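Asker: According to our numbering, numbering within the sequence shown proceeds without interruption in unit steps and concludes at 970.
Where a beta carbon is used, it is the ideal one built from N, C-alpha and C, also for glycine.
Note that the structure is predicted; figures quoted are calculated from it, not measured.
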Amino acid sequence: MTSVRWESAMLQRDFAAAADVLAKSQTTELSYLSGGLQPKSFLAGITAVARGDRAAAAQEFAAAAPAFEKAVQEAADAAERHANLGLLYAFMGKREEALREGRLAVELKPLAKDATDGAIMLCYLALISARVGENDQAIELIERLLQTPGAVDSVAYSITPNDLRFRWEWDPLRSDPRFQKILAQR
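1. Short check: CB of L957 to CB of A914, under 8 Å?
2. Are the beta-carbon atoms of A860 and M905 separated by less than 8 Å?
3. Could you tell me how far apart the beta carbons of L930 and L909 are, in whole angstroms, since I believe they sit closer than 8 Å?
4. Just mark L814 as buried or exposed, buried being the case when its beta carbon has 16 or more other beta carbons within 10 Å.
5. Could you tell me whether the Cβ atoms of M794 and F845 are closer together than 8 Å?
6. With DSSP collapsed to three states, give me the class of E918.
7. Run the CB neighbour count on Q969, radius 10 Å, all protein chains shown included, and call it buried at 16 or more, exposed below.
8. For V890, count the other beta carbons within 10 Å of its own beta carbon; 16 or more makes it buried, fewer makes it exposed. Which is it?
9. Enumerate in chain order the residues of its own chain whose CB-to-CB distance from H866 is below 7 Å, with the five nearest sequence positions on each side excluded.
10. Between the alpha carbons of Q796 and I923, how many angstroms are there, rounded?
11. Quick check: the Cα distance between V788 and Q921, rounded to an integer number of angstroms?
12. Confirm, please, whether the CB-CB distance from S959 to R971 is below 8 Å.
13. Between E927 and L911, what straight-line distance do the alpha-carbon atoms span, to the nearest angstrom?
14. Throw me the rounded Cβ distance for the A841 and L872 pair, which I believe falls under 8 Å.
15. How many angstroms separate the CA atom of A801 from the CA atom of S792?
16. Checking the sheet assignment: what are the DSSP bridge partners for E813?
17. Under a three-way DSSP split, which group does D901 fall into?
18. When you compare only the Cα positions, how much space is there between A740 and F852?
19. Output the boundary residues of the alpha helix (DSSP H) element that contains R838.
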């Protein structure tokens with residue numbers, strides 16, 4: 785329930801309320817991304833990024849990183865764990881590491897072999913790319929996924945016209961004319 789309340793506050797761009805939801809929660813792990821539970825500090829870091837508090841975000845992400853890295857070590861063939869780690873690294877500003885993990889996730893679960901999870905891995909790569917400033921790659925992936933049968937629609941990673949319009953995850957692309965064109969066409 786905590787992750788749902790947090791997500792609702794984030795969608796409303798009420799970042800103070802999102803932080804409050806996490807602060808009041810007794811739990812230390814939440815289900816937000818694929819592949820199991822994530823440390824609450826990950827969501828706290830995302831909230832801090834959204835509020836523009838890079839120092840708090842860095843502290844929260846540093847606390848979350850060992851759990852993400854351990855998850856990859858425990859299941860090196862699990863694409864979703866690499867995707868999660870890539871997203872964490874993207875939020876941490878570790879551009880090369882983020883892209884490496886995102887691309888590895890796509891290699892482990894390619895769209896050609898798994899229409900559902902392969903699309904999800906491409907969506908993660910689009911999110912990672914957007915977060916680290918690789919707008920060309922992010923927009924190319926978004927355009928591809930919008931034309932792929934079966935929408936990628938989940939809590940943490942969505943590529944639907946409404947998600948692109950309203951979800952905070954896509955904010956790094958908002959000022960890009962190509963992203964604006966995608967929104968205008970749908």
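Answerer: According to the data block:
1. Cβ atoms of L957 and A914: closer than 8 Å.
2. No, these two residues do not count as a Cβ contact at 8 Å.
3. Between L930 and L909 the beta-carbon gap is near 15 Å, outside 8 Å, which marks them as no contact.
4. Flag for L814 reads buried.
5. The answer is no: Cβ separation not under 8 Å.
6. It is coil, neither helix nor strand.
7. An exposed status is given to Q969, since fewer than 16 other beta-carbon atoms sit within 10 Å of its beta-carbon.
8. V890 should be labelled buried.
9. If we look at H866 and ignore the five residues flanking it on each side, its Cβ neighbours are V856, E885, L888, A889, L892.
10. Rounded to the nearest angstrom, the gap between the Cα atoms of Q796 and I923 is 24 Å.
11. CA-CA distance, V788 to Q921, rounds to 30 Å.
12. Outside the displayed range of the chain (785 to 970) lies residue 971, so it cannot be described from this structure.
13. E927 and L911: Cα-Cα distance of roughly 13 Å.
14. A841 to L872, Cβ: 11 Å. No contact.
15. A801 and S792: Cα-Cα distance of roughly 9 Å.
16. Paired residues: P823.
17. Residue state for D901 is assigned as helix, using DSSP reduced to three classes.
18. What the structure shows of the chain is the stretch from 785 to 970, and residue 740 is not part of that stretch, so it cannot be assessed.
19. Per DSSP, R838 belongs to the alpha helix (DSSP H) from 838–858.
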